[in-house]
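In the numbering used here, the protein residues as written are 675 to 858. Backbone N, C-alpha and C fix where the C-beta goes; we use that ideal spot for every residue, glycine too.
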């Protein structure tokens with residue numbers, strides 16, 4: 675302690691130095707023990723056999739998304755800024771199911787709108803209101819088509835994982851999308 679005319683008080687510089695040492699130590703400790711694993715290399719992953727994933731037979735898009743048409747479909751194509759409705763099923767690469775359903779479920783689903791043409795509920799492809807992999811994976815699909823996606827973490831739920839905890843951080847996902855409708 676330093677004696678001043680007003681009494682004893684710890685030096686401000688000493689307090690600041692202690693705070694700095696604690697902050698540096700804490701940030702170093704956080705870097706040394708990450709809470710989420712590093713994103714895996716998709717081409718070296720062992721996918722659950724039941725998923726039917728063969729990365730060597732898929733097309734790798736510039737974004738890093740892998741796609742393969744299971745059924746081509748016919749008719750209208752899903753394109754950015756066009757409405758689409760689709761079935762989806764999703765799994766972790768180990769085969770654990772994470773979600774399934776029809777999207778959009780209703781007019782209040784993220785990215786959904788009511789069509790002025792037929793009154794149907796559609797998702798606006800490319801709107802960025804779902805995981806990026808869906809926007810990229812829907813592009814170019816034909817009505818009635820089914821497409822398998824292998825999704826790197828940054829196009830899925832990233833390092834944080836899903837808010838409901840079903841998808842851990844940095845998970846590679848597998849989806850099968852089926853295009854049910856394209857806005858007329």
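Please state if the CB of residue j and the CB of residue i are separated by a distance shorter than 9 Å.
| i | j | result |
| --- | --- | --- |
| residue 854 | residue 807 | no |
| residue 713 | residue 858 | no |
| residue 942 | residue 841 | The structure shown does not extend to residue 942, since the chain spans only 675 to 858, so no value can be given for it. |
| residue 756 | residue 799 | yes |
| residue 829 | residue 752 | no |
| residue 718 | residue 766 | no |
Which first and last residues belong to the beta strand (DSSP E) in which residue i is found?
| i | result |
| --- | --- |
| residue 757 | 757-766 |
| residue 847 | 847-856 |
| residue 775 | 771-777 |
| residue 810 | Segment 806-812 is the alpha helix (DSSP H) holding residue 810; no beta strand (DSSP E) there. |
| residue 822 | 820-825 |
| residue 745 | 740-745 |
Going by C-alpha distance, which of the options is nearest residue i?
| i | options | result |
| --- | --- | --- |
| residue 814 | 749, 727, 732, 714 | 749 |
| residue 772 | 856, 803, 850 | 850 |
| residue 763 | 776, 747, 835 | 776 |
| residue 802 | 786, 839, 715, 793 | 786 |
| residue 792 | 799, 758, 819 | 758 |
| residue 726 | 734, 769, 756 | 769 |
| residue 820 | 835, 794, 852, 833 | 852 |
| residue 797 | 830, 761, 766, 843 | 761 |
| residue 856 | 779, 816, 774, 832 | 816 |
| residue 730 | 837, 741, 737 | 741 |
Alpha carbon to alpha carbon, what distance is there between residue j and residue i?
| i | j | result |
| --- | --- | --- |
| residue 743 | residue 822 | 6 Å |
| residue 818 | residue 810 | 17 Å |
| residue 790 | residue 783 | 17 Å |
| residue 788 | residue 735 | 31 Å |
| residue 721 | residue 739 | 16 Å |
| residue 692 | residue 843 | For residue 692, the predicted structure reports a pLDDT of 44, less than 50, and the residue's modelled location is therefore unreliable. The matter cannot be settled from this model. |
| residue 835 | residue 747 | 32 Å |
| residue 732 | residue 780 | 32 Å |
| residue 839 | residue 745 | 32 Å |
Residue i bridges to which residues according to DSSP?
| i | result |
| --- | --- |
| residue 788 | 795 |
| residue 751 | 816 |
| residue 734 | 740 |
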